[in-house]
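These notes are about the structure you will find just below.
In our numbering, the protein residues as written are 49 to 404.
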């Protein structure tokens, strides 16, 4: 999600953007651009290359493996999946080089996909790695160095690294010459935020946004919020006990969860970087669901708690939501001073590629 506003800004400045990612992310990008009239149906044309926003669906990254119904790493599945994934790096690089040349791309912007950086180097175009973390920090606790080496090599091929605010310390040390930038998130629509708040806040109930992200199958726990004086606004993957009449479940694929975060008084969520960026910019106090077996989550939670922007909870605490709400409402919240830097980030990319 964090690259969508950067892509939108590049489109607004007259650039052509070729977006290659999974179907779910691609649909989110399409919806974002179309809803803001940045593109229309004639400008989004699949892989023909004639429009300004070219969408190509591809399974670009493996990510992690979790045990179904939980947020816990499945170490065996992770090892097997990463091993199979790195064996495809060379063919993926060759295919990407062909796409770069086909579209005469002036630059490659990479969020987390390692082999795209090597493809840019081989094609002779500059690459921009947008970094808050790398998979190395997550995987090195589980995988042999032989499986990490291909990742390290690809990340070394990055021409320029843009280090987001809230990037973790190991990533900053990995890229000591990185360009420091702020947060990047979908900007809020203040009118939309107000409308959401008016629609959902029945009888003055405080609103609580709940999400476990979209990169897993959700959690099996039946969460009981009956009798609590809050209204819970939930994305998919969260299941509530029967009779929970104070729950509003968002439809699948809702394009502006950021506006719901801003409309809510509190947020309970998995601590992915894109989500915490939106939480920080919205000024919404958060309870972050800790996953001690994932280094990125541990580091993100520590940074958020040190800022006074969040409290940490274990997933088992969701069994007693009254205690969770007491914990989050009692926190000594401090609104951190961050800016949404997506326009500046797009400007850096255009300036360093002589595109402006």
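Note that beta-carbon positions come from the ideal geometry of N, C-alpha and C, so glycine has one too. Predicted model only: the values in this text are computed from it and were never measured.
Between which two residues does the alpha helix (DSSP H) carrying residue 54 extend?
52-60
Beta-carbon gap between residue 156 and residue 164 smaller than 7 Å:
yes
Using three-state DSSP, classify residue 241 as helix, strand or coil.
helix
Would the beta-carbon of residue 210 fall within 7 Å of that of residue 229?
yes
Assign residue 72 to one of two classes, buried (16 or more other C-beta atoms within 10 Å of its C-beta) or exposed (fewer than that).
exposed
State the CB to CB distance for the pair residue 65 and residue 55, rounded to an integer number of angstroms; the pair is presumed to be in contact (CB under 8 Å).
5 Å
What is the residue span of the alpha helix (DSSP H) that residue 297 lies within?
Looking at the DSSP string, residue 297 is not in any alpha helix (DSSP H); the run it does join, the beta strand (DSSP E), is 295-297.
Quick check: the stretch 213-221 against the stretch 190-204, are there 3 or more CB pairs under 8 Å?
no
Residue 269 versus residue 360: straight-line alpha-carbon distance, rounded
18 Å
What's the C-alpha gap between residue 304 and residue 372?
25 Å
Helix or strand or just coil, what does DSSP make of residue 188?
coil
Could you check the C-alpha separation between residue 112 and residue 166 for me, to the nearest Å?
21 Å
Just mark residue 86 as buried or exposed, buried being the case when its beta carbon has 16 or more other beta carbons within 10 Å.
buried
Quick one: what's residue 104 bridged to in DSSP?
68
Environment of residue 345 [buried if 16+ CB atoms lie within 10 Å]
buried
For residue 212, report the span of its alpha helix (DSSP H) as first-last.
Looking at the DSSP string, residue 212 is not in any alpha helix (DSSP H), and its letter there is neither H nor E.
Tell me where the beta strand (DSSP E) around residue 154 begins and ends.
Run containing residue 154: none; DSSP gives neither H nor E here.
Bridge-paired residues (DSSP) for residue 336:
317, 360
Could you check how far apart the C-beta atoms of residue 363 and residue 119 are, in whole angstroms? I think they sit under 8 Å.
6 Å
For residue 139, does the count of other Cβ atoms within 10 angstroms reach 16, so buried, or fall short, so exposed?
exposed
Proximity winner among 358, 340, 136, relative to residue 382 (alpha-carbon distances)
358
Smallest Cα separation from residue 396: which of 79, 375, 178, 101?
178
Going by beta carbon distance, what residues of the same chain come within less than 7 Å of residue 115, once the five residues before and after it are set aside?
122
Residue 398 - DSSP class collapsed to helix/strand/coil:
helix
Neighbourhood of residue 258 by C-beta distance below 6 Å, restricted to the same chain and skipping five residues each side:
280, 282, 286, 316
Given that a residue counts as buried once 16 or more other Cβ atoms are within 10 Å of its Cβ, and exposed if not, what is residue 149?
exposed
Decide if the stretch 184-193 is in contact with the stretch 328-340; the criterion is three or more beta carbon pairs, one per stretch, under 8 Å apart.
no
Among the residues of its own chain, which have a CB less than 7 Å from the CB of residue 306, if the five just before and after it don't count?
233, 234, 236, 326
Does DSSP classify residue 178 as helix, strand or coil?
strand
Name the DSSP beta bridge partners of residue 282, please?
258, 297
Could you please give the first and the last residue of the uninterrupted alpha helix (DSSP H) stretch that includes residue 305?
305-311
Close beta carbons around residue 181, own chain, < 6 Å, minus the five adjacent residues each side
216, 219, 344
Quickly, what does DSSP pair residue 231 with across the bridge? List them, please.
388
For residue 114, which beta-bridge partners are listed by DSSP?
121
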